[in-house]
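Peer 1: Shown below is the structure under consideration.
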Amino acid sequence: MNLIFLGAPGAGKGTQAEIVCEKLGIPALSTGNMLREAVKNATPTGLAAKEYMDRGDLVPDDIVIGILKDRIAKPDAKNGFILDGFPRTVAQAEALDKMGVSIDKVIEIYVPDDVICGRLSGRRVCESCGASYHVDHKPTKSEGVCDSCGGKVVQRVDDKPETVLSRLATYHEKTAPLKDYYQAKGKLKTVVGQDSIADTAKLTLEAIEG
Ligand code: ADP
Ligand code: ZN
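Laid out in structure tokens, this is it:
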């Protein structure tokens with residue numbers, strides 16, 4: 023099963039991808055996490071990507087396509103995967119088609135922009151493993167410490183209010199057209215993101231199975 027999770031930043035793609043990948047036994051591949059890891063390790067890719075990410079802009083297609091291609095070639099992705107945060111442009115979707123990757127379903131998690139803004143201000147992520155938390159909806163058991171790996175949990179630089187608005191604008195301009203792209207192929211399913219993570223997970227699993 024090869025799935026794509028589509029949605030605005032903060033819609034809950036990453037959280038749902040973590041839940042669904044455990045249920046289905048396939049890895050969730052987040053290009054955002056891969057890029058943050060590259061930035062942290064100051065690799066050539068990370069150095070090239072950092073300025074775009076800090077501004078809330080998309081990283082150029084050739085860079086992201088390169089990392090994604092390497093990642094899906096790894097053995098753990100043989101039996102399927104969930105793509106979280108990729109493709110984000112029509113060019114990236116076309117690149118995926120050219121790689122010969124067949125997609126079973128595209129799950130759009132829809133959340134209105136005003137709700138998104140509130141959510142992102144409370145979002146926190148683990149610096150070490152990328153797990154995501156929220157100060158109100160999904161707090162860590164111990165403040166600032168990741169439940170799953172003990173790493174340091176911090177606010178992302180790009181979750182500052184100014185950057186959030188520009189990321190939303192970028193989403194509507196560059197990524198939302200992918201809904202039509204996959205709708206035309208009969209693959210798009212839309213899930214309305216709920217306040218509760220568990221409720222959204224239930225709808226997401228129904229959309230995948232149905
Ligand atoms: P969010 O979905 O909350 O915006 P991600 O963790 O998916 O966060 O991505 C963080 C940043 O990484 C994006 O704002 C963008 O700069 C970069 N990025 C991630 N995936 C892609 C992609 N497929 N194409 C271009 N840039 C990407
Ligand atoms: Zn962690």
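To convert, count from 1 in the sequence shown and add 22; that's this note's numbering. Where a beta carbon is used, it is the ideal one built from N, C-alpha and C, also for glycine.
D181 to A50, Cα distance in whole Å?
Peer 2: Going by the C-alpha atoms only, they are around 22 Å apart.
Peer 1: The alpha helix (DSSP H) spanning Y74 covers which residue range?
Peer 2: Element bounds for Y74: P66 to R77.
Peer 1: To the nearest angstrom, how far is the alpha carbon of L80 from that of G68?
Peer 2: Answer to the nearest angstrom: the Cα atoms are 13 Å apart.
Peer 1: Could you name each continuous beta strand (DSSP E) segment of 3 residues or more that falls completely within the stretch 67-144, going from the start of the chain to the end?
Peer 2: Entirely contained in the stretch 67-144, the beta strand (DSSP E) runs reaching 3 residues are, in chain order, 103-106 and 127-132.
Peer 1: Helix, strand or coil for C171 per DSSP?
Peer 2: In this structure, C171 counts as coil in the three-state DSSP scheme.
Peer 1: To which residues does DSSP link L210 through a beta bridge?
Peer 2: The partner list for L210 (beta bridge, DSSP) reads V128.
Peer 1: Go ahead and pull the three-state DSSP assignment for R178.
Peer 2: R178 falls in the coil class under three-state DSSP.
Peer 1: With respect to 6 Å, is the separation between the Cβ of R141 and the closest non-hydrogen atom of the ligand ADP below this value?
Peer 2: No, Cβ of R141 sits at least 6 Å from all heavy atoms of the ligand ADP.
Peer 1: Using 6 Å as the cut-off, classify the Cβ of A153 as near or not near the heavy atoms of the ligand NAP, replying yes or no.
Peer 2: Among the ligands present in this structure, namely the ligand ADP and the ligand ZN, the ligand NAP is not found.
Peer 1: Hey, would you say the C-beta of C168 is under 6 Å away from at least one heavy atom of the ligand ZN?
Peer 2: True, at least one ligand heavy atom lies under 6 Å from that Cβ.
Peer 1: Excluding sequence positions up to five away, which residues of its chain have a Cβ less than 7 Å from the Cβ of I87?
Peer 2: Only Q114 and A117 meet the Cβ criterion.
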